[in-house]
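Worksheet for the structure shown next.
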């Protein structure tokens, strides 16, 4: 049995089409609402009733990791052997789940399979990361022509996970709240001997960041997030480096990346003072291990 788990927070108008697409491909759909406002929640309740989705209302934003864990637990209680994670702003291709399921059934050592996520906008980015030794790096065009591609980690949205792997590896790390949750779980899974694969033929439209900026001399776009997301991304990066969660070579590379991230977001984009204040706090909290929700 295969159930989808969608985490929602004031979901967009595309939520109806997402539910329709997933109900066609999965045995059931669980929607975990992470504290949407009254108006959004009213619409969400109506849509879930219409499609027969299980709606779990949390009443507050407890973070993406905790919400995913609640949804996984509910799917497990329904007898699910596989769980498909989804954001509320992703759209799967009609054959995505079938293709991902085939990859899992081919090899019992595959913990999770993910699609090829892409963005339908200028500067579109394909979010597939290969372990290059020093750090996860984007897959090349040639690599994305393969039927199966072993990866460093999978972005959560569109990721089909074997429940047996979750039993052994554990759930999502809730104190990270948001950002790098999928990265950290992928590291644990690979260290436990599991494979993570991308199926390039399986497609998922996915949105990342508020906007993208193309810098001179750089082929890949730079995603610009809100100052609060700057905080979580930087804090969790520092924490994973400090706690030695990342492989040794990765820690060196991610330290270099964090310095570039601070420089770009503190001086090259808008709302500079707010970003600078939150990123300074992010560094301090990450070094001290103060995680969870920003308050």
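Numbering (the numbering used here), first residue to last: 220 to 514. Backbone N, C-alpha and C fix where the C-beta goes; we use that ideal spot for every residue, glycine too.
Minimum length 4: unbroken alpha helix (DSSP H) runs contained in the stretch 447-512:
467-486 and 491-507
Let me confirm a value: residue 278 is counted as buried when at least 16 other C-beta atoms fall within 10 Å, else exposed. Which label applies?
Taking the first residue of the chain shown as 1, we reach residue 278 at position 59. With fewer than 16 Cβ atoms within 10 Å of its Cβ, residue 278 is classed as exposed.
Cβ pair count under 8 Å reaching 3, the stretch 342-357 against the stretch 383-396:
no
Within the stretch 230-265, note down every full alpha helix (DSSP H) run reaching 4 residues or more, in order along the chain.
234-244
For residue 418, which of helix, strand or coil comes out of DSSP?
As a working note, residue 418 is residue 199 in the chain shown. Strand.
On the DSSP letters alone, give me the boundaries of the beta strand (DSSP E) that residue 371 sits inside.
On the chain shown, position 152 is the one that residue 371 refers to. Neither: residue 371 is in no beta strand (DSSP E) and is coded neither H nor E.
Where does residue 408 land, buried or exposed, given buried means 16+ other C-beta within 10 angstroms?
Position 189 of the chain shown, counted from the first residue, corresponds to residue 408. With 16 or more other Cβ atoms within 10 Å, it is buried.
Between the C-alpha atoms of residue 503 and residue 381, what's the straight-line distance to the nearest angstrom?
Numbered from its first residue, the chain shown carries residue 503 at position 284. Numbered from its first residue, the chain shown carries residue 381 at position 162. Straight-line Cα distance between these residues: approximately 36 Å.
Indicate whether the contact test is met: 3 or more Cβ pairs, each with one atom in the stretch 246-261 and one in the stretch 309-324, closer than 8 Å.
no
Mark residue 258 as exposed unless 16 or more other C-beta atoms lie within 10 angstroms of its C-beta, in which case mark it buried.
For the purposes of this step, residue 258 is taken as the residue at position 39 of the chain shown. Residue 258 should be labelled exposed.
Please tell me whether residue 337 and residue 472 are closer than 9 Å, where the distance is taken between their beta carbons.
As a working mapping, residue 337 is identified with position 118 in the chain shown. As a working mapping, residue 472 is identified with position 253 in the chain shown. Result no, Cβ atoms of residue 337 and residue 472 do not sit closer than 9 Å.
Let's see if you can read the secondary structure: which residues bound the beta strand (DSSP E) around residue 227?
The residue given as residue 227 occupies position 8 in the chain shown. First-last of the beta strand (DSSP E) with residue 227: 221-227.
Same chain, Cβ closer than 7 Å to residue 491, five either side skipped, listed in chain order
Indexing the chain shown from 1 puts residue 491 at position 272. The answer, listed in chain order, is 485.
Compare the C-alpha of residue 264 against each of 362, 461, 474 and 230 and name the closest.
Reading the chain shown from its first residue, position 45 is the one you call residue 264. For the residues 362, 461, 474 and 230, the minimum Cα distance to residue 264 belongs to 230.
Who does residue 396 pair with in a DSSP beta bridge?
What you label residue 396 is simply residue 177 of the chain shown in a count that begins at 1. Note: residue 396 sits in no beta bridge, so no partner.
Assuming residue 475 and residue 398 make a contact with CB atoms under 8 Å, what is their CB distance in whole Å?
Taking the chain shown and counting its residues from 1, the one referred to as residue 475 is at position 256. Taking the chain shown and counting its residues from 1, the one referred to as residue 398 is at position 179. Residue 475 to residue 398, Cβ: 18 Å. No contact.
Outcome for residue 328 when other beta-carbon atoms lying within 10 angstroms are tallied against a minimum of 16:
Taking the chain shown and counting its residues from 1, one reaches residue 328 at position 109. Exposed, because fewer than 16 other Cβ atoms sit within 10 Å of the Cβ of residue 328.
Assuming the contact rule is C-beta atoms closer than 8 Å, residue 270 and residue 222 should be a hit. Round their C-beta distance to whole Å, please.
As a working note, residue 270 is residue 51 in the chain shown. As a working note, residue 222 is residue 3 in the chain shown. No, residue 270 and residue 222 are not in contact; Cβ-Cβ is about 13 Å, not under 8 Å.
Can you look up residue 386 in the DSSP assignment and give me helix, strand or coil?
Walking along the chain shown from the start, residue 386 turns up at place 167. Three-state result, residue 386: helix.
According to the Cβ coordinates, are residue 374 and residue 290 closer than 9 Å?
For this step, residue 374 is matched to residue 155 along the chain shown. For this step, residue 290 is matched to residue 71 along the chain shown. Against a cut-off of 9 Å, the Cβ pair of residue 290 and residue 374 comes out as no contact.
Among 418, 411, 444 and 372, which one has its Cα closest to the Cα of residue 401?
The residue given as residue 401 occupies position 182 in the chain shown. Cα-wise, what sits closest to residue 401 is 372.
Does the beta-carbon distance from residue 416 to residue 367 come in below 9 Å?
Position 197 of the chain shown, counting from 1, holds the residue named residue 416. Position 148 of the chain shown, counting from 1, holds the residue named residue 367. Contact flag set, yes.
Own chain partners of residue 515 with C-beta closer than 8 Å, once the 5 adjacent residues on each side are dropped:
No answer is possible for residue 515: the residues shown for the chain start at 220 and end at 514.
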